[in-house]
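For reference, the structure discussed in these notes is given below.
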């Protein structure tokens, strides 16, 4: 308990109060307590148990169960000491959710020229006020408590572009908080904004290419800042939303940035965090660097990427322009959401408005920390689940985004992820939902975690496939950077790679992890850990640069030709380096920025990647839709010291072929192979084969991957 108080009292359940009495006062000895409220009603607290602690004595008491949480209560002991009744873990009970959960769609502010309505869910507050600043003048308005603990206010004047905060009177404190549902804010997330949607840039009505199935996606992870911050980018607006969609940017005559992405051929860009995050000073954004996995306001766009961070409308419109620009060239946009934790609970509007509710706690009252960021959101709470669902719906409705990647998804629960997926697909049937399904030590039962081991319970949710990553390139943790994968030289992993090439869904003679290929997000590189190029340099120090390039190409091709959903990290295709750093989330631009000189230096790898993308899109054999189909059509052979041959018997009359063979040779010597069927070599270590010849005999170079059509 706090040293300056003689008594602290907590409402932890219906009909139960926990009272701590300091030993500095009467040695913590109290004979009786009573409870009174702001309306003058009082009742006895019946002491059920007494437990002595080092500095205080704990009294567990029974009180009337039907307390009105909208009132202020005081606990008084027989010595006359008083303490406010703090509403604590009662908010974590099922009865609290059943009593107060609100399913309305009007939380936040609703603007109209004749007046603006405000609604905030704050059932444990006994008073809420709204501080509005219009044209530099502040007015504070009392809000009226309504059903389910929602406080409401209607200000009948034009509040367009005004800003506001809530003043929440709860637990004997006044918490100033931004609106969790406000879609924009002022610089550094300090005040929520009232915007007129009529001022929003219109969403693009461009018709996107048909997207029938998740395995048709080719995901490309980018950062607004990294793509545009380098002097080699050719951008005029470095590190900004507008810079990301600048056209005709070049480096030595070669397209960079937006035009480069368009020419690469990917189907989806995955934007690293663009919600409002905390550790960049938006007024001076170049003084710090951060990826943005430190959420502040979940509903607002990040201001450091905006040309005017203190103008709330600007950041909204600039992000809408980003989505529009990609849609206009046929590329869909997925957002990276970090709904698993908050950067700092002392600044979290959700926690300031309803303390103890939105975040997960252990039985002993300590915060769960499976995220290793100090706290975990509690997706099992009805209003937290609603908040997450409302959040993804907002990004779809307001910005037209096409999918979501969930950071540390294993912190969230299975039911929430299924609800998010269901509601997302109602708005956009081809919406993608996937995330990091790591099994994290959050305070949630194993069977309820949205992790890879529970993927069967989430049939429409994808997971980053770390089995695939480790099999292809080798372990990724810092203390295992020297461990090789199959493509980097460990031929004993052929079976692991065979399993990976079927998206880990084949039920026989392979390691099965997923139920369907759409659940396997296949990757060897993302923003986390070393880049693939740096990893190869660590685990293959004996190799020349030319051999490392060959191994890097094998890794890229493995991602592109395996069953499942391919994922590329921006710059991977030109051997991106972060100088060996594993975690560059707050390391300067000089390490994280895209070095467009490397695009020129490794142009052959870029062209190779483009070729792989073209072939994946062209042939259905690389994009089988179901585990059943993969079971029937995909087989493996291990030839000549673990050279892996993946055969896909899938007839494609359009291209006059009966299927595909993918051959991987991770060894340092060329091999001659003989097949029972005639095959036409389509891709070798140099990319697309220009002269097509059918033969049963194939030569495969050292450290290379071949793709052949079965004739």
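Residue numbers (the numbering used here): 10 to 720. No residue lacks a Cβ here, since even glycine has one placed at the ideal position from N, Cα and C.
Query raised in the report: Three or more C-beta pairs closer than 8 Å, one from the region 387-406 and one from the region 340-348: is that the case here?
Result: yes
Query raised in the report: What is the rounded straight-line gap between the Cα of residue 624 and the Cα of residue 253?
Result: Here residue 624 refers to the residue found at position 615 when the chain shown is read from its first residue. Here residue 253 refers to the residue found at position 244 when the chain shown is read from its first residue. C-alpha separation (whole angstroms): 28 Å.
Report task. Flag this pair as yes or no: are the beta carbons of residue 720 and residue 687 separated by less than 9 Å? Result -> As a working note, residue 720 is residue 711 in the chain shown. As a working note, residue 687 is residue 678 in the chain shown. Against a cut-off of 9 Å, the Cβ pair of residue 687 and residue 720 comes out as a contact.
Query raised in the report: Cβ of residue 162 versus every heavy atom of the ligand HEM: is any distance shorter than 8 Å?
Result: Annotation note on the ligand HEM: not contained in the displayed structure, which lists no ligands.
**Report entry** Alpha carbon of residue 53 to alpha carbon of residue 360, nearest angstrom
**Finding:** The residue labelled residue 53 in the question sits at position 44 within the chain shown. The residue labelled residue 360 in the question sits at position 351 within the chain shown. Distance between the alpha carbons of residue 53 and residue 360: 31 Å.
Requested in this report: Buried or exposed for residue 104, please, with buried defined as at least 16 other CB atoms from any protein chain shown within 10 angstroms of its CB.
Outcome: Sequence index remark: in the chain shown, residue 104 carries index 95 (1-based). Result: exposed.
Report task. List the DSSP bridge partners of residue 414. Result -> As a working mapping, residue 414 is identified with position 405 in the chain shown. For residue 414, DSSP records a beta bridge to 345, 443.
Report task. To the nearest angstrom, report how far apart residue 310 and residue 515 are at their CA atoms. Result -> In the chain shown, the residue the question calls residue 310 occupies position 301. In the chain shown, the residue the question calls residue 515 occupies position 506. So the alpha carbons of these two residues sit roughly 41 Å apart.
**Report entry** Segment limits, alpha helix (DSSP H) that includes residue 619
**Finding:** Sequence index remark: in the chain shown, residue 619 carries index 610 (1-based). Run containing residue 619: 612-627, per the alpha helix (DSSP H) assignment.
Requested in this report: Kindly indicate if chain B contains any beta-carbon less than 9 Å away from that of residue 526.
Outcome: The structure shown contains no chain B; it holds only a single protein chain.
Query raised in the report: Within this structure, are the beta carbons of residue 411 and residue 277 separated by less than 9 Å?
Result: Position 402 of the chain shown, counted from the start, is the residue given in the question as residue 411. Position 268 of the chain shown, counted from the start, is the residue given in the question as residue 277. The answer is yes: Cβ separation under 9 Å.
Query raised in the report: To which residues does DSSP link residue 161 through a beta bridge?
Result: Locating residue 161 in the chain shown gives position 152, counting from the first residue. Beta-bridge pairing links residue 161 to 128, 153.
Query raised in the report: Can you tell which of 555, 300, 71 has the C-alpha that lies nearest to the C-alpha of residue 613?
Result: Position 604 of the chain shown holds residue 613. Nearest of 555, 300, 71 to residue 613, Cα basis: 555.
Query raised in the report: Going by C-alpha distance, which of 336, 559, 376, 335 is nearest residue 350?
Result: Mapped onto the chain shown, residue 350 falls at position 341. Residue 376 is the option with its Cα nearest to residue 350.
Query raised in the report: How many Å lie between residue 80 and residue 66 at the Cα?
Result: The sequence position of residue 80 within the chain shown is 71, counting from 1. The sequence position of residue 66 within the chain shown is 57, counting from 1. Those two C-alpha atoms are separated by around 27 Å.
Query raised in the report: At what residues does the beta strand (DSSP E) containing residue 66 begin and finish?
Result: Within the chain shown, numbered from 1, the residue matching residue 66 stands at position 57. Counting along the chain, the beta strand (DSSP E) containing residue 66 begins and ends at 65-71.
Report task. Note down, one range per segment and in chain order, each beta strand (DSSP E) of at least 3 residues found wholly within the region 526-604. Result -> 529-531, 574-578
Report task. Compute the Euclidean distance between the alpha carbons of residue 267 and residue 358, then round it to the nearest angstrom. Result -> Position 258 of the chain shown, counted from the first residue, corresponds to residue 267. Position 349 of the chain shown, counted from the first residue, corresponds to residue 358. Residue 267 and residue 358: Cα-Cα distance of roughly 35 Å.
**Report entry** Distance between beta carbons of residue 693 and residue 715, contact taken as under 8 Å
**Finding:** Indexing the chain shown from 1 puts residue 715 at position 706. Indexing the chain shown from 1 puts residue 693 at position 684. Between residue 693 and residue 715 the Cβ distance is about 6 Å, and since that is below 8 Å, they are a contact.
Query raised in the report: Beta-carbon separation of residue 130 and residue 467 under 9 Å?
Result: Here residue 130 refers to the residue found at position 121 when the chain shown is read from its first residue. Here residue 467 refers to the residue found at position 458 when the chain shown is read from its first residue. Not in contact: residue 130 and residue 467 (Cβ atoms no closer than 9 Å).
Requested in this report: Enumerate, from N- to C-terminal direction, the unbroken alpha helix (DSSP H) stretches of 4 or more residues contained entirely within the region 345-423.
Outcome: 358-362, 391-408
Query - Cβ-based burial, residue 558 [other Cβ within 10 Å; buried from 16] - result: On the chain shown, position 549 is the one that residue 558 refers to. Under this definition residue 558 is a buried residue.
Query - Simplified DSSP assignment, three categories, for residue 231 - result: Reading the chain shown from its first residue, position 222 is the one you call residue 231. DSSP places residue 231 in strand when its eight states are reduced to three.
**Report entry** Beta-bridge pairing of residue 20 - partner residues as DSSP gives them
**Finding:** Position 11 of the chain shown holds residue 20. Residue 20 pairs with 26, 96.
**Report entry** Span of the alpha helix (DSSP H) around residue 327
**Finding:** As a working note, residue 327 is residue 318 in the chain shown. From DSSP, the alpha helix (DSSP H) with residue 327 extends over 321-337.
**Report entry** Cβ contact check for the region 563-570 and the region 523-530: 3 or more pairs under 8 Å
**Finding:** no
Requested in this report: Spell out a yes or no on whether the region 448-463 and the region 246-262 are touching, meaning 3 or more CB-CB pairs, one atom from each, closer than 8 Å.
Outcome: The answer is no - the region 246-262 does not touch the region 448-463, with fewer than three Cβ pairs under 8 Å.
Report task. Report the partner residues of residue 250 according to the DSSP bridge assignment. Result -> Position 241 of the chain shown, counted from the first residue, corresponds to residue 250. Residue 250 is not bridged to any residue.
Requested in this report: Please determine, among 489, 126, 178, 540, the residue with the shortest C-alpha to C-alpha distance to residue 135.
Outcome: Counting from 1 along the chain shown, the entry for residue 135 is found at position 126. Selected option, being the one with the closest Cα: 178.
Query - residue 652: first and last residue of the uninterrupted beta strand (DSSP E) it sits in - result: Numbered from 1 along the chain shown, position 643 holds the residue referred to as residue 652. Looking at the DSSP string, the run of the beta strand (DSSP E) that includes residue 652 is 652-657.
Query raised in the report: Where does residue 77 fall in DSSP's three states?
Result: What you label residue 77 is simply residue 68 of the chain shown in a count that begins at 1. Coil at residue 77, not helix or strand.
Query raised in the report: Name the DSSP beta bridge partners of residue 708, please?
Result: In the chain shown, the residue the question calls residue 708 occupies position 699. DSSP, once it has assigned bridges, lists 681 as partnering residue 708.
Query raised in the report: So, residue 19 versus residue 47, is the Cβ gap smaller than 9 Å?
Result: Here residue 19 corresponds to residue number 10 of the chain shown, with the count starting at 1. Here residue 47 corresponds to residue number 38 of the chain shown, with the count starting at 1. No, they are not a contact pair.
**Report entry** Sequence-distant residues of its chain with Cβ nearer than 7 Å to residue 180 (five each side left out)
**Finding:** In the chain shown, counting from the first residue as 1, residue 180 sits at position 171. Excluding residues within five positions, the ones whose Cβ falls inside 7 Å are 93, 95, 96, 364.
Query raised in the report: Thinking C-alpha only, which one of 289, 153, 518, 275 is nearest residue 341?
Result: What you label residue 341 is simply residue 332 of the chain shown in a count that begins at 1. Ranking 289, 153, 518, 275 by Cα distance to residue 341 puts 275 first.
Report task. Give, in chain order, every unbroken run of the alpha helix (DSSP H) that is at least 4 residues long and sits entirely within the region 450-538. Result -> 475-482, 503-510
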